[in-house]
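Novice:
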Amino acid sequence: MAVAAGGCSTGKKTAASSNIRYALSAEPESIDPRMSTSLSAATVQAQLFEGLMTLDEKNLPVAAAAEKWEVSADGRKYVFTLRAGLKWSNGDPVTAHDFVYAWKTGLDPELASPNAYMLYCLKNGEAYATKKMDASQVGVRARDDRTLEVELERPTAYFLSLTAFHAYYPLHAKTVAANSKWASQPQTVIGNGPFKLTAWVKSSRMELAKNDQYWDAAKVKSAKMELFLLDNSSTALSMFESGQLDMGDSIPPSEVPRLMKEGKVKIYPFLATFYVSFQSAKAPFDNPKVRRAFSLAIDRTAITDKLLRGGQVPALAFVPPGIANGVPGEDFRAKGGSLLKDNDAATARTLLAEAGFPEGKGFPPVTFLYNTSESNKMVAEALQEMWKKNLG
0 MAVAAGGCST
10 GKKTAASSNI
20 RYALSAEPES
30 IDPRMSTSLS
40 AATVQAQLFE
50 GLMTLDEKNL
60 PVAAAAEKWE
70 VSADGRKYVF
80 TLRAGLKWSN
90 GDPVTAHDFV
100 YAWKTGLDPE
110 LASPNAYMLY
120 CLKNGEAYAT
130 KKMDASQVGV
140 RARDDRTLEV
150 ELERPTAYFL
160 SLTAFHAYYP
170 LHAKTVAANS
180 KWASQPQTVI
190 GNGPFKLTAW
200 VKSSRMELAK
210 NDQYWDAAKV
220 KSAKMELFLL
230 DNSSTALSMF
240 ESGQLDMGDS
250 IPPSEVPRLM
260 KEGKVKIYPF
270 LATFYVSFQS
280 AKAPFDNPKV
290 RRAFSLAIDR
300 TAITDKLLRG
310 GQVPALAFVP
320 PGIANGVPGE
330 DFRAKGGSLL
340 KDNDAATART
350 LLAEAGFPEG
360 KGFPPVTFLY
370 NTSESNKMVA
380 EALQEMWKKN
390 LG
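For the sequence shown, numbering that gives the first Met the number 0 assigns the number 0 to the initial residue and increments by one for each residue that follows.
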């Protein structure tokens with residue numbers, strides 16, 4: 000029921016060996032890959048950690064911590080061999096046991112990770128997360144320090160891509176097990192990625208330094224990354240244009256056309272669906288006709304094309320464009336077509352009337368919560384006006 004996808008950022012080229020100054024549009028809620036769901040957290044974690052695979056410029060999985068892998072004929076068993084000499088940022092060896100620890104604790108029902116579902120493709124992963132089996136029955140084990148064996152619940156064509164995501168990052172088991180607050184202090188954030196966390200001033204900035212222990216450190220050209228935590232995109236743009244920033248992940252929508260014309264914006268595909276969630280257990284949104292009326296009253300195309308103007312596309316189904324279909328070369332969304340109808344005010348009013356609220360009469364006040372970014376505020380205000388106009 001929402002607007003989908005497409006991220007844009009201001010950016011300009013810097014010398015290959017220069018430090019990077021980056022505007023992060025929100026402070027990460029956690030550096031623990033098991034416990035975060037935001038783009039800002041994922042951006043930071045991708046510098047500090049590395050999974051078995053990573054995604055290349057075409058979003059295809061390529062070798063990262065894993066040197067090679069084998070897949071069984073039925074597609075349910077994988078054997079990964081880690082690169083020789085992998086090390087954590089503190090110099091300890093990265094082993095297959097660290098992956099086992101991270102994945103199993105990510106499924107631990109006591110931890111209640113919001114990312115546990117990403118691990119459900121592991122054999123008995125969901126059963127363990129829902130307390131139906133114990134951790135010993137989850138389909139991942141270390142044959143030795145460099146060999147990781149994985150068994151899936153069923154063949155999963157995109158499993159290699161999944162191992163590039165933060166829910167599949169390894170964790171420094173000794174540190175994590177000993178300190179429940181390990182992810183809040185730079186000295187206890189031990190990673191295996193190209194950078195390491197050296198400073199975190201809450202609500203202000205984060206500093207990352209090159210991790211010399213990283214297996215591919217020779218290709219890391221920047222010695223330092225400075226992340227400015229700026230939830231105001233206008234402030235970020237001002238700093239960028241005055242030379243205080245090199246790039247960022249959010250700009251004021253009104254400035255997108257100008258910056259694109261000046262060649263200062265690059266739009267990168269970002270698979271996500273932004274949606275409105277209702278309290279469907281409570282009246283009036285316990286009535287599906289009311290929920291559908293609110294959905295049909297949204298002009299998604301107006302939001303993407305006239306308000307945001309950053310390459311986003313209307314979400315006429317939950318799965319966004321860019322997800323491969325089961326048939327190679329096919330896009331799932333292109334093949335499946337649209338599930339929702341955009342901006343159908345007439346049907347919306349009819350449904351609302353059938354639910355007992357003709358022309359909106361008698362409908363109770365609605366509180367709409369949104370996270371505090373400028374673009375989300377703009378979308379929230381636009382939705383408010385559309386609902387008022389189209390529903391009465």
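Ideal Cβ positions, reconstructed from N, Cα and C, are used throughout, including at glycine. On a predicted model such as this, the values are computed, not experimentally measured, just so you know.
Can you say whether Q136 is buried or exposed, counting buried as having 16 or more other CB atoms within 10 angstroms of its CB?
Specialist: exposed
Novice: So, S232 versus S374, is the Cβ gap smaller than 9 Å?
Specialist: Yes, these two residues count as a Cβ contact at 9 Å.
Novice: Under the three-state reduction of DSSP, which class applies to E66: helix, strand or coil?
Specialist: strand
Novice: For T303, count the other beta carbons within 10 Å of its own beta carbon; 16 or more makes it buried, fewer makes it exposed. Which is it?
Specialist: buried
Novice: Hey, K281 and E353: beta-carbon distance below 9 Å or not?
Specialist: no
Novice: Consult DSSP for T9 and reduce its assignment to one of helix, strand or coil.
Specialist: Its pLDDT being 46, under 50, T9 is placed unreliably in this model, and the value from its coordinates should be taken loosely. DSSP, read as helix, strand or coil, puts T9 in strand.
Novice: In terms of alpha-carbon separation, which member of F164, E225, F331 and Q212 lies closest to L38?
Specialist: F164
Novice: Quick one, are the C-beta atoms of T36 and E49 less than 9 Å apart?
Specialist: No, the Cβ-Cβ distance between T36 and E49 is not below 9 Å.
Novice: Check for me: the alpha helix (DSSP H) holding V378 runs from which residue to which?
Specialist: E373 to L390
Novice: Looking at the unbroken alpha helix (DSSP H) that takes in E353, where does it start and where does it end?
Specialist: A344 to E353
Novice: Would you give the residue range spanned by the alpha helix (DSSP H) that A206 belongs to?
Specialist: Correcting the residue type first, residue 206 is Glu in the shown sequence and not Ala. First-last for E206: R204 to K209, but that is the beta strand (DSSP E), not the alpha helix (DSSP H).
Novice: Just grab the DSSP bridge partners of R20 for me.
Specialist: As a beta-bridge residue in DSSP terms, R20 pairs with E225.
Novice: Exposed or buried, which one is G74 when buried takes at least 16 other CB atoms within 10 Å?
Specialist: Counting Cβ neighbours within 10 Å, G74 comes out exposed, since fewer than 16 surround it.
Novice: Closer than 8 Å is the cut-off here; do at least three beta carbon pairs connect the segment 81 to 99 with the segment 60 to 72?
Specialist: yes
Novice: Please check the pair P313 and R290, which I expect to be a contact at CB under 8 Å, by giving their CB distance rounded to whole angstroms.
Specialist: With 8 Å as the limit, P313 and R290 do not qualify as a contact, their Cβ atoms being about 18 Å apart.
Novice: Who are the Cβ neighbours of V93 in its own chain at under 8 Å, not counting the five residues just before and after it?
Specialist: A64, L81, L85, K86, W87, P169 and N191
Novice: In chain order, what residues of the same chain have a beta carbon less than 6 Å from the beta carbon of Y213, not counting five sequence neighbours either side?
Specialist: P193
Novice: For K223 versus I19, is the C-beta distance shorter than 9 Å?
Specialist: yes
Novice: Assuming A208 and P32 form a contact by the criterion Cβ under 8 Å, report the distance between their Cβ atoms to the nearest whole angstrom.
Specialist: Incorrect: roughly 20 Å between the Cβ atoms, too far for contact.
Novice: What residues in its chain sit with their C-beta under 6 Å from that of R308, if we drop five residues either side in the sequence?
Specialist: P252 and V255
Novice: Which whole runs of the beta strand (DSSP E) in the segment 233 to 280 are 3 residues long or more, in chain order?
Specialist: 264 to 267
Novice: With DSSP run on the structure shown, which of helix, strand or coil describes P60?
Specialist: strand
Novice: Could you tell me which of E206, A182 and L51 sits nearest to E148, measuring between CA atoms?
Specialist: L51
Novice: For N123, tell me which candidate among N114, E109 and V139 has the shortest Cα-Cα distance.
Specialist: N123 has its Cα closest to that of V139, out of N114, E109 and V139.
Novice: Going by the beta-carbon positions, is the gap between L390 and R348 smaller than 9 Å?
Specialist: Taking the C-beta atoms as reference points, R348 is found nearer than 9 Å to L390.
Novice: With a 10 Å radius around its C-beta and 16 neighbouring C-beta atoms as the bar for buried, classify L338 as buried or exposed.
Specialist: Within a 10 Å sphere around the beta-carbon of L338 sit fewer than 16 other beta-carbons, which makes this residue exposed.
Novice: What are the boundary residues of the alpha helix (DSSP H) that K76 is part of?
Specialist: Element bounds for K76: not the alpha helix (DSSP H) but the beta strand (DSSP E), K76 to L81.
Novice: Span of the alpha helix (DSSP H) holding R140?
Specialist: Unbroken run through R140 is the beta strand (DSSP E), V139 to D143; no alpha helix (DSSP H).
Novice: Helix, strand or coil for F362, going by three-state DSSP, please let me know.
Specialist: coil
Novice: Which complete alpha helix (DSSP H) runs does the segment 128 to 203 hold, if anything under 4 residues is left out?
Specialist: 158 to 161 and 172 to 177
Novice: Checking 9 Å against the spacing of the C-beta atoms, do L23 and G247 come in under that value?
Specialist: yes
Novice: What separation, rounded to the nearest whole angstrom, lies between the Cα atoms of D143 and D211?
Specialist: 25 Å
Novice: From which residue to which residue does the beta strand (DSSP E) around L54 run?
Specialist: M52 to L54
Novice: F367 to P283, Cα distance in whole Å?
Specialist: 14 Å
Novice: Looking only at its chain, what residues have a beta carbon closer than 6 Å to the beta carbon of L159, apart from the 5 residues adjacent to it on each side?
Specialist: M52 and P60
Novice: Measure the Cβ-Cβ separation of Y127 and L106 and say whether it is below 9 Å.
Specialist: yes
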